[in-house]
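What follows is a set of notes on a single structure, which appears directly below.
In the numbering used here, the protein residues as written are 9 to 150.
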């Protein structure tokens, strides 16, 4: 793949914005969640998830889209470490995402600690977690 476009710009896959003559990286094109023709940064959805219920482990939730029959579907995978039943967590997360982003979470999966993949530097590995979701390899919540 040619990483240079016809305009001579380097295509890195990063998304950014210019502000005061400075470039600020805001995310990755491959991580962007596109639902009903609207773009959503997964980090924004994940921040909402982290505040929705105290049992959501900080920094241990990922949001991504998967193909559906007619449109893309929103999936949220959460490492859960609370005492409430899973129904309470799912209900509160679903409600918070709807209220904050006007999005319907099609599937919310609670997984055991370590279920959300991370890079060697500790960053969320959304594509790896998505792969685990699609292949049924997520460790189940006990």
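For every residue, glycine included, the Cβ atom is placed at its ideal position computed from N, Cα and C.
Margin query: Tell me the DSSP secondary structure of residue 57 in three-state form.
Written below: As a position in the chain shown, residue 57 is number 49, starting the count at 1. Reduced to three states, the DSSP call for residue 57 is helix.
Note to self: Any contact between the segment 47 to 58 and the segment 87 to 106? By contact I mean 3 or more CB pairs, one from each, below 8 angstroms.
What the structure shows: yes
Notebook entry, point to check: What's the gap between the Cα of residue 29 and the Cα of residue 37?
Noted result: Along the chain shown, one-based indexing puts residue 29 at 21. Along the chain shown, one-based indexing puts residue 37 at 29. Spanning the two alpha carbons is a distance of roughly 22 angstroms.
Checklist line | Limits of the beta strand (DSSP E) - the one that residue 117 falls within | finding: Counting from one through the chain shown, the residue named residue 117 turns up at place 109. First-last of the beta strand (DSSP E) with residue 117: 115 to 119.
Notebook entry, point to check: Is the CB-CB distance between residue 134 and residue 70 below 7 angstroms?
Noted result: The residue labelled residue 134 in the question sits at position 126 within the chain shown. The residue labelled residue 70 in the question sits at position 62 within the chain shown. Their beta carbons are under 7 angstroms apart, which means residue 134 touches residue 70 by this criterion.
Next item on the list: Report all residues from its chain with a CB closer than 6 angstroms to the CB of residue 114; omit the five preceding and five following residues, and keep chain order.
Entry: Taking the chain shown and counting its residues from 1, one reaches residue 114 at position 106. So the list reads 81, 82, once near-sequence residues are dropped.
Margin query: residue 136 and residue 128 - do their beta-carbons sit closer together than 7 angstroms?
Written below: Residue numbering aside, residue 128 sits at position 120 when the chain shown is read from its first letter. Residue numbering aside, residue 136 sits at position 128 when the chain shown is read from its first letter. Not a contact, by the Cβ cut-off of 7 angstroms.
Margin query: Quick test of your reading: residue 94 and residue 149, contact by CB under 8 angstroms. State the CB separation rounded to the nearest angstrom.
Written below: Translated into positions along the chain shown, residue 94 becomes position 86. Translated into positions along the chain shown, residue 149 becomes position 141. Indeed, because the Cβ distance is near 6 angstroms, the residues count as touching under 8 angstroms.
Checklist line | Cβ neighbours of residue 40 in the same chain (closer than 6 angstroms, five flanking residues each side left out) | finding: By one-based count along the chain shown, residue 40 stands at place 32. 47.
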